[in-house]
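Mapped onto mature numbering (1 follows the signal peptide of the UniProt record, and there is no 0), the consecutive letters of the sequence shown carry residue numbers -20 to -1, 1 to 472.
The beta carbon of each residue, even a glycine, is placed where N, CA and C say it ideally should be.
What follows is a short report on a single structure.
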Amino acid sequence: SAATSPWFLICLLLLSLTLLTPYILLLCHHGTFNPTATVLADSIAMSMHKLYQCPDAGRNERKSVSSQVAHGLMKYYTGNNTGDVPGNLPDPYYWWEAGAMFGEMVEYWYYTGDTTYNAEVKQALLHQVGENNDYMPANQTKSLGNDDQVFWAFAAMTAAEVGFEDPPEGSPSWLSLAQAVFNEQSERWDTASCGGGLRWQIYSFNVGYNYKNSVSNGGLFQLAARLGRYTGNQTYIDWANKVWDWYEDSALWDAKDYKILDGASTTNNCSDGSQEQWSYTYGVFLAGFSYMYNHTEDQAWLTRIDGMLNTTVSTFFPTNMGPNIMVETTCEPLGNCNNDQRSFKAHLSQWMAVTAQLVPKYHDRIFDYLAPSAKGAAGQCDGGSDSVTCGREWNSTTWDGTYGVGEQMCALGVIQANMMNVVSLKPPYTSVSGGTSKSDPNAGTGTSGTSSSNGQAITYSTITTGDKAGAGAITAAILLFLMGGTAWLLIA
């Protein structure tokens, strides 16, 4: 029978190896069956603990630790392997987290000057721009929300702001990629429900389409603020004000306590906000306020920074879990953070640091929290067989056994942010202060996937003759494969 055929058994064995390979690789990377404790691993552990124990660690120590953690992070990346797709992380990580990771690696270069990963980062950021240079690749449609798209835009915007190496001739500029995302998301502004706001999902067939969440709206707000500051174009500033005015009056925001809720359903006109609170939603607005204040010098934004920082500290630096240590309080104490949530602290660290740059009066207060958190993170980064694997709980000096892209990103984000205090770094550039990325204010207009004012997806790329021919060829190949396989089974 086919089930006892040697060819069937060989195919079954190959399939099993294919399915098990990612887990074997993870175990080799993070497990304990690597018997060799190398001198390099020992030196890394010593560097980590030196940073943990010494609050006044200098430039070289901080750069060394940042380098080691970055190395651990990039070990998760497989997109530069032959046959893999540049810019993607392997399962179970979603596409947005890859964009966030490469944005953090742009910052790694900015903080340390280390160019080791620049080519890979640049390749990833450009490979995922999609067919219309707007960070909407067709193969990500089923997991593509407004928040997913904006994290890739943040990475491109950061590249423009810190003077990261420009894309090659013929490629979209970093700035134009961010502008394309802004143009598309502003077109999706939905006044048909909840009086305005951006839906979580772009496409109506995706779960979460009937949900307006804080991070998507905060993402559009921050992106508009950054574009306004960088280009000097008032249209972006007007949009930032528009998004904030809507958000401030929505059920997603508790103005009295500066409390940010996760989101609200359009089915009840956003009348009740979800009570979950996440560190990155506080960070996205905190940085947005800071960009707006830095550009406009409007005291109202300064007041908002003050209130937001107060609530951020009281919510995500709980005194009962260590002195001034960042905690993802909704899930970390219970140990039930999912893969997305395990990365959120990275973004709060990043955006607290940029607030310290843009509004220097808050520098000392912010680093009263980022410095102890960096020491705690470094104490968690000597795990695994490679001794560069980072854990989640920064209030413990011993690796807690957790690992993943999120844990590694969080540690790198907070550790490298502390480079700011030992290296002379210029604040984010604008077009008149050193920024050279080329502007294209019409980028992203008229492309596929945009939505009308009621949030419905209205435009799709036309199916061409070439598309039909390609689809026909692929279909024929699949049919031949299936027919051949069926015949083989019958013969066997």
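Nearest-angstrom Cβ-Cβ length linking residue i and residue j, presumed shorter than 8 Å
i, j, result
"Gly415", "Ala140", "6 Å"
"Ala220", "Gly268", "7 Å"
"Leu106", "Phe82", "Not a contact, Cβ separation roughly 10 Å."
"Gly52", "Gln388", "5 Å"
"Tyr238", "Thr291", "4 Å"
"Arg206", "Met288", "No, Arg206 and Met288 are not in contact; Cβ-Cβ is about 17 Å, not under 8 Å."
"Asp242", "Glu256", "4 Å"
C-alpha gap between residue i and residue j, whole angstroms
i, j, result
"Ala99", "Ser245", "42 Å"
"Ser173", "Leu350", "39 Å"
"Lys102", "Trp89", "12 Å"
"Leu155", "Ser184", "29 Å"
"Thr171", "Trp258", "26 Å"
"Gly150", "Ser251", "47 Å"
"Tyr273", "Ile395", "26 Å"
"Ala17", "Ser194", "Only weak support exists for where Ala17 lies, its pLDDT of 33 falling under 50; the value from the coordinates is given anyway. Using only the alpha carbons, I get a separation of about 45 Å."
"Ile443", "Leu69", "Low per-residue confidence applies at Ile443: pLDDT is 37, beneath 50, and the placement is therefore not dependable enough to give any value."
"Ile240", "Asp64", "38 Å"
"Thr335", "Asn40", "24 Å"
"Val402", "Glu167", "42 Å"
"Met197", "Ile285", "Reading off the sequence shown, one finds Asn at residue 197, where the question assumed Met. If I take the Cα positions, the gap works out to 17 Å."
"Val130", "Asn300", "34 Å"
"Phe347", "Gly364", "29 Å"
"Ala135", "Ser323", "15 Å"
"Lys341", "Asp229", "28 Å"
"Tyr409", "Asn248", "42 Å"
"Tyr210", "Tyr271", "10 Å"
"Cys390", "Ser404", "23 Å"
"Thr369", "Thr382", "9 Å"
"Gly208", "Phe144", "19 Å"
"residue 473", "Ser367", "Given that the chain is displayed from residue -20 to residue 472, the structure contains no residue 473 and the question cannot be resolved."
"Gly315", "Thr295", "17 Å"
"Ser44", "Gly393", "14 Å"
"Thr215", "Gln165", "14 Å"
"Thr261", "Thr58", "29 Å"
"Val339", "Lys192", "30 Å"
"Val293", "Phe265", "14 Å"
"Asp128", "Pro66", "17 Å"
7 Å CB neighbourhood of residue i in its chain, flanking five on each side removed
i, result
"Trp226", "Gly175, Gly176 and Gly177"
"Ile305", "Phe297, Pro352, Ser353, Gly356, Trp374 and Asn375"
"Asn61", "none"
"Gly188", "Gly125, Trp180 and Gln181"
"Asp380", "Gln360, Gly371, Arg372 and Glu373"
"Val223", "Asn197, Leu200, Phe201 and Ala204"
Neighbourhood of residue i by C-beta distance below 6 Å, restricted to the same chain and skipping five residues each side
i, result
"Met399", "Arg42 and Tyr91"
"Gly425", "Correcting the residue identity first, residue 425 is Thr in this sequence and not Gly. Around Thr425: Asn163."
"Gly263", "His327, Leu328 and Trp331"
"Gln337", "Pro407"
"Trp132", "Gly79 and Tyr115"
"Ser46", "Thr92, Ile395 and Gln396"
"His10", "Confidence at His10 is low in this model, with a pLDDT of 48, below 50, so the placement of that residue should be treated as unreliable; the coordinate-derived value is given next. So the qualifying residues of the chain are Gly364, Thr369 and Tyr383."
"Gly302", "Asn375"
"Val142", "Tyr90"
Alpha helix (DSSP H) segment containing residue i, residue limits
i, result
"Gly79", "Trp75 to Thr92"
"Ala336", "Phe324 to Leu338"
"Ala244", "Counting along the chain, Ala244 falls outside any alpha helix (DSSP H), though it belongs to the beta strand (DSSP E) covering Gly243 to Ser245."
"Asn222", "Checking the sequence, you will find Lys at residue 222 rather than Asn. Start and end: Gln214 to Glu228."
"Val101", "Asn98 to His107"
"Asp380", "Segment: none, Asp380 is in no alpha helix (DSSP H) and carries neither H nor E."
"Asn290", "Gln279 to Phe296"
"Trp169", "Counting along the chain, Trp169 falls outside any alpha helix (DSSP H), and DSSP gives it neither H nor E."
"Val65", "Unbroken run through Val65: none, as it is neither H nor E."
"Ile346", "His343 to Gly359"
"Ala136", "Asn126 to Val142"
"Lys418", "Unbroken run through Lys418: none, as it is neither H nor E."
"Asn249", "Unbroken run through Asn249: none, as it is neither H nor E."
"Ala235", "Premise fails: Ala235 is in no alpha helix (DSSP H) and is neither H nor E."
"Tyr273", "Ser259 to Thr276"
Closer than 8 Å: residue i CB and nearest the ligand MN heavy atom
i, result
"Gln360", "By its list of ligands, the structure shown contains no ligand whatsoever, and the ligand MN lies outside what it can speak to."
Contacts around residue i, its chain only, beta-carbon distance under 8 Å, and the 5 residues preceding and following it disregarded
i, result
"Val412", "Gly212"
"Ser153", "Ala140, Asp146, Pro147, Ser417, Lys418, Ser419 and Asp420"
"Tyr97", "Ala50, Met54, Met85, Tyr88 and Trp89"
"Asn319", "Pro72, Tyr73, Tyr74, Glu77, Gly384, Val385 and Gly386"
"Ala423", "Asn113, Asp114, Pro152, Ser156, Leu157, Gln159, Ala160 and Asn163"
"Leu5", "The pLDDT assigned to Leu5 is 42, lower than 50, so where the model puts this residue is not dependable, and the model offers no usable value."
"His275", "Ala205, Gly208, Arg209 and Ile217"
"Thr95", "Trp89"
Endpoints, the beta strand (DSSP E) within which residue i is located
i, result
"Tyr191", "Tyr191 to Asn193"
Check: Just checking, does the segment 300 to 319 make contact with the segment 107 to 120 on the three C-beta pairs under 8 Å criterion?
Finding: no
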